[in-house]
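A.B. asks:
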Ligand code: MSP
């Protein structure tokens, strides 16, 4: 197997002293995105994630739960696997540090390094932080990194790794390879540390008398291995490496050297030192090459700037988020919202805004308009390219540029840049619908132009669905199906796209039938206050899933308000007006071109109506209790056309559609006349 075609990506392995939250989900989704992308491009991918199951923290949690450590980790790992399933994480191996092959690997490495004379035993007296499983120096306390009240003073004999011997070698490596530690800020941080501080040796054991939950040292049975020394080695275990050469590589690979050095090791910035220094010096001691890139991303922080995590009690339950918005929206948000490497604030409003603007409005709308108009006016099959209508050539140039940026950005882990570029094309597609005015072409019977106009937007949808396969796998599949394509066809298309050939926007076979499915991303209604609060600042993660009582209360209040509103309307209808009042009302015939649910109100639809003007009118109509968006597209209606524009729950309405029914809508008023005809 040629090493060029393999792509090995890892995440940290997560502690099983709690359930997964958005921080863990973030790293894992990013790695999954990279793994899926490389699989689609035809690389032989290996994606490793898993759980870190030894050490004091995990032991303490087991004791707290009244379980043996093994029972506790076996139970917890189920939650992690289930959450990763819900997030559509397609890992190749889920590593557990209690797995037999991992224990064998750690044991072989310890024996090997011990035989090489790289370990020694010495007495240590000082401070220890249980939460971080780390020895703390007086300097760390002076610099405010740790509070003395969180530390225990211990005095014990331990085994040490001669880490200090590798300071210069590590400095040289980082200095000579600018891409080795990314992003640049993190690289500078490590360089700053190595240039100004003297590396100490690393304690690699814990006496069993204090903490017995770990891998026993093969050369001293009174000790277990320090949890970090054990955990970091998982990245090699996953390849089948053992220091004595007896390991088995994963299926599909001939040797551990097919996989190692890893292409990308993704971590959060909180564990930069353990990876950039402990891990790299361990590899140097083993005389194993270092990974190609260590990428440390930033943190999701709460609105007050605190890192989200178990320690601060401000985590957001990932299952709850997926339940409310769907996995595709969650994955998209994480990858699009912040630059990979930077910190970002997580908020309910931010999430809603991104969802409604990018997914419901831009992408969802494009797909809906492309497929519904083709279905209504062109028999629901992919049309041939015929006469030019507007800026089709420009769009092809833009698409070529977008594909290039997308490909390069994902290879460099710049997911936000990739998606931003793709959205330029999605937005250009929506704009093209406005400028090509297919409703006019349809009205005028210019089928040659109408076919081109529809073909172009269907092609943009196909290109977007293809490139989005690793980001929003389910919705992308749904869109491909609606376009009469499947993932195999899309995979071939993706390979063609990333080959660098100019994009012709002509990949769909003409004549294949389309499916007019449900909206891809229904506009998200405002969630009840009680649920919004859970997104902002839940107190503890386990409690986050219990919003019931407050939700019920606000529903009742809403019902009361609705009753009062209905009564007021009925009274208004009973007041007489004189004829002049009515003469001021301008009524026109129209046809509904497209419709979608209102983002913030159940009963409203947002429709685009052709009333014979240059541009369709956007009207917010209270007809959603009777009609779904799909049911009204193509309906002939009567529009009050001289109303002042109004903002209805955040969406501009430029008129009103006449309907029958004083309170609940019974039907729409319809006249058989050309759009724009005056109704008197
Ligand atoms: N078990 C160690 C890692 C050993 S790797 C050989 C560990 N586990 S952890 O459960 O604490 O997970 C830490 C990782 O979770 C971070 O490096 C990061 O990838 C992710 N995140 C946890 N909270 C986070 C945020 N608030 N924001 C983004 N990611 C963060 O450390």
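In this note's numbering, the protein residues as written are 10 to 689.
Ideal Cβ positions, reconstructed from N, Cα and C, are used throughout, including at glycine.
Values in this document were obtained by computation on a predicted structure and should not be read as measured data.
Checking the sheet assignment: what are the DSSP bridge partners for residue 161?
C.D. replies: 137
A.B. asks: Please check the pair residue 59 and residue 98, which I expect to be a contact at CB under 8 Å, by giving their CB distance rounded to whole angstroms.
C.D. replies: The pair is not a contact, with the Cβ atoms about 11 Å apart (cut-off 8 Å).
A.B. asks: Grab the span of the beta strand (DSSP E) containing residue 81 for me, first residue to last.
C.D. replies: Unbroken run through residue 81 is the alpha helix (DSSP H), 78-95; no beta strand (DSSP E).
A.B. asks: By a C-beta neighbour count over all protein chains shown, 10 Å radius and 16 as the cutoff for buried, is residue 524 buried or exposed?
C.D. replies: exposed
A.B. asks: Just to confirm the assignment, what range does the beta strand (DSSP E) spanning residue 342 have?
C.D. replies: Note, residue 342: premise wrong, no beta strand (DSSP E); alpha helix (DSSP H) at 336-346.
A.B. asks: Alpha carbon to alpha carbon, how far is residue 200 from residue 184? Give it in angstroms, no decimals.
C.D. replies: Residue 200 has its alpha-carbon roughly 8 Å from the corresponding atom of residue 184.
A.B. asks: From the DSSP output, in three-state form, read off residue 448 for me.
C.D. replies: helix
A.B. asks: Do residue 56 and residue 191 have their beta-carbon atoms positioned less than 8 Å apart in this structure?
C.D. replies: no
A.B. asks: Could you pull the DSSP bridge partners for residue 226 from this structure?
C.D. replies: 229
A.B. asks: So, residue 760 versus residue 63, is the Cβ gap smaller than 8 Å?
C.D. replies: Outside the displayed range of the chain (10 to 689) lies residue 760, so it cannot be described from this structure.
A.B. asks: Residue range of the beta strand (DSSP E) that residue 656 falls in?
C.D. replies: 655-657
A.B. asks: Please find out if some non-hydrogen atom of ligand 1 comes closer than 7 Å to the beta-carbon of residue 287.
C.D. replies: no
A.B. asks: Can you round the beta-carbon distance between residue 356 and residue 312 to whole angstroms, since I take them to be within the 8 Å contact cut?
C.D. replies: 6 Å
A.B. asks: Using alpha carbons as the reference points, say which of 600, 616, 250 lies closest to residue 607.
C.D. replies: 616
A.B. asks: How many Å lie between residue 481 and residue 170 at the Cα?
C.D. replies: 44 Å
A.B. asks: Counting only beta-carbon separations shorter than 8 Å, does residue 643 have a partner in chain D?
C.D. replies: The chain labelled as chain D is not found in the depicted structure, where only one protein chain is given.
A.B. asks: Would you say the beta carbon of residue 241 is closer than 7 Å to some non-hydrogen atom of ligand 1?
C.D. replies: yes
A.B. asks: Exposed or buried, residue 638, counting other C-beta atoms within 10 Å across all chains shown (16 or more means buried)?
C.D. replies: Residue 638 should be labelled buried.
A.B. asks: Given a cut-off of 8 Å, decide if residue 683 and residue 621 are closer than it, judged by their beta-carbon atoms.
C.D. replies: In this structure, residue 621 lies near residue 683, with their beta-carbon atoms less than 8 Å apart.
A.B. asks: Consult DSSP for residue 277 and reduce its assignment to one of helix, strand or coil.
C.D. replies: strand
A.B. asks: Say yes only if the C-beta of residue 36 is nearer than 7 Å to one or more non-hydrogen atoms of ligand 1, and no if none qualify.
C.D. replies: For ligand 1, at least one heavy atom lies less than 7 Å from the Cβ of residue 36.
A.B. asks: Return helix, strand or coil for residue 546, following the three-state DSSP convention.
C.D. replies: Caution is warranted here: a pLDDT of 47 is assigned to residue 546, below 50, making its placement in the model unreliable, and the coordinate value is therefore given only provisionally. Correct three-state label for residue 546: coil.
A.B. asks: Determine, using beta-carbon pairs with one atom in the region 251-260 and one in the region 143-155, whether at least three such pairs fall under 8 Å.
C.D. replies: no
A.B. asks: Taking one C-beta from the region 34-42 and one from the region 78-89 each time, how about it: are there three or more such pairs within less than 8 Å?
C.D. replies: no
A.B. asks: Does ligand 1 have a heavy atom nearer than 7 Å to the CB of residue 327?
C.D. replies: no
A.B. asks: Smallest Cα separation from residue 363: which of 347, 71, 376?
C.D. replies: That would be 347, whose Cα lies nearest to the Cα of residue 363.
A.B. asks: Measuring alpha carbon to alpha carbon, tell me which of 456, 628, 429 ends up nearest residue 601.
C.D. replies: 628
A.B. asks: Please state if the CB of residue 329 and the CB of residue 118 are separated by a distance shorter than 8 Å.
C.D. replies: Taking 8 Å as the Cβ cut-off, residue 118 and residue 329 do not qualify as a contacting pair.
A.B. asks: Shorter than 7 Å, the distance from the beta carbon of residue 42 to the closest heavy atom of ligand 1, or not?
C.D. replies: no
A.B. asks: Taking DSSP as the reference, what is the three-state secondary structure of residue 638?
C.D. replies: helix
A.B. asks: Hey, residue 439 and residue 375 are a contact pair by Cβ (cut 8 Å); roughly how many whole angstroms apart?
C.D. replies: Residue 439 to residue 375, Cβ: 5 Å. Contact.
A.B. asks: DSSP three-state call for residue 272: helix, strand or coil?
C.D. replies: coil
A.B. asks: What is the DSSP secondary structure of residue 358, reduced to helix, strand or coil?
C.D. replies: helix
A.B. asks: In its own chain, which residues sit with a C-beta less than 8 Å from the C-beta of residue 457, not counting the 5 before and 5 after it?
C.D. replies: So the list reads 395, 396, once near-sequence residues are dropped.
A.B. asks: Taking 8 Å as the threshold (C-beta atoms), are residue 277 and residue 237 in contact?
C.D. replies: It is not a contact, given that the beta carbons lie outside the stated cut-off.
A.B. asks: Helix, strand or coil for residue 495? Go by DSSP, reduced to three states.
C.D. replies: Three-state result, residue 495: coil.
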